[in-house]
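Chains as they are written, first to last, in the working numbering: chain A, 93 to 202; chain B, 57 to 245. I have placed the structure first, in the form of structure tokens, so that the comments after it can refer back to it.
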Amino acid sequence: MNSQFKKGVLDLCVLAMLQKGDSYGYDLADTLSKRIQVADGTVYPILRKLAGEGLVTTYLKESQNGPPRKYYHLTDDGTARLEKDREEWKEFATAVNGIVGGASWLRLNI
Amino acid sequence: MVKTEYLKKLEAELGLMSYKDVKDILSEISDHFDEGVRMGHTEEEIAENLGSPVDLAKAYKEGTSPLLPTAPRKRASEYTNVKREQDPAAGKIFVVIFNIFVAIPLWIALFFIILAAVGIFAGGIAGLVAFCLAIPTFGAYMTPCIFLAVTLGLILIVLFVICFFAVKYFIKGTSAYIKWNKKLWREGF
């Protein structure tokens, strides 16, 4: 898939994944790369950037097998950003679908 | 490529970054390797799936650079958003009054007009079927009757197309209108 497409929305994807619950890097990388064709490493620079902006925080949590894991948690600012970006994304995606759409004259856009 | 090799390359590529940043990044990626090994993958596999260390370092460096300036259009929309949020109560009042006095009566009228059109179409079909069944009994008038039936059929096809689009846009319009209302309700003017 065109990498320019992905660039902008991956932040949103990471925020959305964290809204479902705190998680650690490997798990996020695994989940994301299973659903979107990206390298496993993609998620780490994003997490670091989000942490730098105060949208996520990190803490260490014991794991059953192995050393403690670094968990990521969505902050209130992160939630606010997520809600805002999600709305913008939906509007944008609808508009793009309306333009690119293809043979959609039979489809009821409801 | 194994873990130590990968980390070394990544460190080299990160270049000008504070010692702490580099240490944090390397420890994060190192953890990723350890976790992957515990999940039963080989270091080679994990390194390959991570993507090249050059790309990863580039992504890290881009992430720490100052944010790109926002395009003017975006700023304008943000500005109107802020302005809009000033008076959500007016939006609610407008939605209620507009719906009671204008939108809902109009919607009901439109609904019945379309219902009537669909009804006329259905009646036409029934009439045409009955007429066709009766054609054999007309004897000498059979030929003009067949022409009449064909004409009626064509009219019904036109009516069907009109009904189809009327229903389609009615549903589309209604859903768009509901969305617009919700937006007004939430954000006001």
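Just so it is clear, CB atoms sit at the ideal spot from N, CA and C, and this is done for glycine as well. All values reported here derive from a predicted model rather than from experimental measurement.
- Residue burial is scored here from C-beta neighbours: L110/A has at least 16 other C-beta atoms within 10 angstroms and is therefore classed as buried.
- Assignment of S115/A by DSSP, reduced to helix, strand and coil, places it in the strand class.
- In the structure shown, L152/A adopts extended strand secondary structure according to DSSP, grouped into three states.
- Secondary structure of L166/A (DSSP, three-state): strand.
- Contacts between D132/A and chain B, judged by CB atoms closer than 8 Å, involve H88, I102, N105, L106 and G107 in chain order.
- For G183/B, the enclosing alpha helix (DSSP H) starts and ends at I160 to A190.
- Chain-order list of chain A residues neighbouring L208/B: empty, with the shortest C-beta distance near 27 Å, by a criterion of under 7 Å.
- Cβ neighbours of L215/B within its own chain (closer than 6 Å, five residues either side excluded): F177.
- Within the DSSP bridge table, the entry for R127/A names no partner.
- One finds nothing in chain A with a Cβ atom closer than 7 Å to the Cβ of R242/B; even the nearest lies about 10 Å away.
- Apart from sequence neighbours up to five positions away, the residues of its chain that approach V58/B with a beta-carbon distance below 6 Å are E99, ordered along the chain.
- Less than 8 Å separates the beta-carbon of L240/B from that of V151/B.
- In terms of beta-carbon proximity, L166/B stays away from the interface with chain A, with every pair separated by 8 Å or more.
- Within the model, the alpha-carbon separation for E104/B versus L66/B is close to 13 Å.
- For the C-beta of G92/B, the chain A residues within less than 8 Å are, from N- to C-terminus, Y118.
- A buried status is given to E84/B, since no fewer than 16 other beta-carbon atoms sit within 10 Å of its beta-carbon.
- Straight-line measurement puts the Cα of A232/B at about 50 Å from the Cα of S86/B.
- In this chain, the alpha helix (DSSP H) harbouring S83/B covers Y75 to R94.
- Using beta-carbon distances, E61/B does not count as an interface residue toward chain A, since no partner is under 8 Å.
- Taking CB atoms only, A68/B has no neighbour in chain A less than 8 Å away.
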